[in-house]
Amino acid sequence: MRSNVKHFYIVAILIVLVTAAIAIALDSVQLLPQLASAQGVIIDWLFGIHLYLIAFLFALVMVFMLYSIIVFRRRPGDESDGTHIHGHTTLEIAWTIIPTIIVAYIGYLGVVTLHSVTASSPDELTVQVTGMQWSWRFDYPEFGITSPDLILPVNKPVRFEITSSDVIHSFWVPEFRMKQDAVPGAVTLLHVTPNLVGSYKVRCAEICGLQHATMLADVRVVDHADFRTWAMDEKERLTASESPDARGALLYETQGCKACHSLDGTVVVGPSWKNIYGSEEQLDDGSTITVDEVYIRESILDPNAKVVQGFSPNVMPSTYRDILSDQDIEDIIS
Ligand code: CUA
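Position one of the sequence shown corresponds to residue 1417 (the working numbering), numbered consecutively onward.
Structure (structure tokens):
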């Protein structure tokens, strides 16, 4: 009996040591990128709890198993039966109740955390986020700005109103620690207070087609003065774009054209726009067509009507007929 107690002491010490070793190893891996939002503090704390719990459970199972295999292995010449064991009620009740309490407590922490990170504050900056195949657009209704980049003032709570113009995307800035689905026909919310000046990336976290992996947008968290300057400049740029080609260039940036059509001749998903106007294109049915206003308009409104050879049909969303006005299309052609 006394030697049994000795085994438990040894196993307990080993579990503590292995838990500490795994926790230190996991900590050193830097699983998460730099934290840049106020809401992320509690999320990282929860994440940390889970890592330590994982380290402990792994140690618990592995130490008991390996210790038993090594210390209680059959010695040469030992042909006797092992001890017959018929369960241990107290132990079984304990290993059912204790994990239940731990899991319920983590569930409680999850609910409390979710409640705190989804709470809105009174002085929020509203940013409307639109995901599209395959880019992002950011509208600042308080400033009348539309931008392909996400510029945010530091330490200012932001209310993101998120939607999609085609399929389901997911708005995700890893440094902010939270993500939210962008669903066509619905507006989903995300509340973030960026608290670290820096440059980050919006990523799409929902598989959404060919260019899903490159559906990125620049995020710049700047101080308040820089944000004001940017907003003023941007506003000026928008009101100055009175010529059709300037407006068209802006639409190219903000309506997702640039995700698939390059301006420098690089072929991404769709044909490059370099020197496209007036060119002769071979279509996938073998006929040729001259790229003129009629053809461009048709390709925007009904992308599958005439597909250029070498490109896949059904790639370009047919949603632009609802998104772009006649004037927009004329500006883009211009
Ligand atoms: Cu949009 Cu993946």
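Ideal placement from N, C-alpha and C gives every residue a C-beta, glycine not left out.
Proximity test, residue i beta-carbon vs the ligand CUA heavy atom, cut-off 7 Å
i, result
"Met1732", "no"
"Ile1623", "yes"
"Cys1676", "no"
"Gly1601", "no"
"Trp1550", "yes"
"Cys1673", "no"
"His1466", "no"
"Gly1547", "yes"
"Met1648", "no"
Beta-carbon separation (whole angstroms), residue i vs residue j, contact threshold 8 Å
i, j, result
"Ile1748", "Tyr1668", "7 Å"
"Val1574", "Met1594", "That pair is no contact at about 11 Å."
"Ser1551", "Ala1633", "7 Å"
"Gln1627", "Cys1676", "7 Å"
"Thr1670", "Arg1553", "5 Å"
Strand pairing of residue i, partner residues [DSSP]
i, result
"Thr1562", "Asp1555"
"Met1732", "In the DSSP output, where bridge partners are listed per residue, Met1732 has none listed."
"Ser1580", "Gly1547 and Pro1600"
"Cys1620", "Phe1587"
"Leu1568", "Val1637"
Classification of residue i by the beta-carbon crowding that lies within 10 angstroms, buried from 16 upward
i, result
"Met1631", "buried"
"Glu1591", "buried"
"Leu1482", "exposed"
"Tyr1616", "buried"
"Arg1737", "exposed"
"Phe1488", "exposed"
"Ser1496", "exposed"
"Gly1456", "buried"
So, do the segment 1525-1535 and the segment 1576-1588 have three or more beta carbon pairs nearer to each other than 8 Å? no
Are three or more beta carbon pairs between the segment 1488-1500 and the segment 1427-1440 nearer than 8 Å? no
With a threshold of 8 Å, are at least 3 pairs of Cβ atoms found where one atom belongs to the segment 1513-1529 and the other to the segment 1642-1649? no
Are at least three pairs of beta-carbons, each pair with one atom in the segment 1443-1450 and one in the segment 1500-1516, less than 8 Å apart? no
The segment 1611-1627 touching the segment 1451-1465, judged by at least three CB pairs closer than 8 Å: yes
Segment contact, 8 Å Cβ cut-off, at least three pairs: the segment 1725-1738 with the segment 1684-1702: yes
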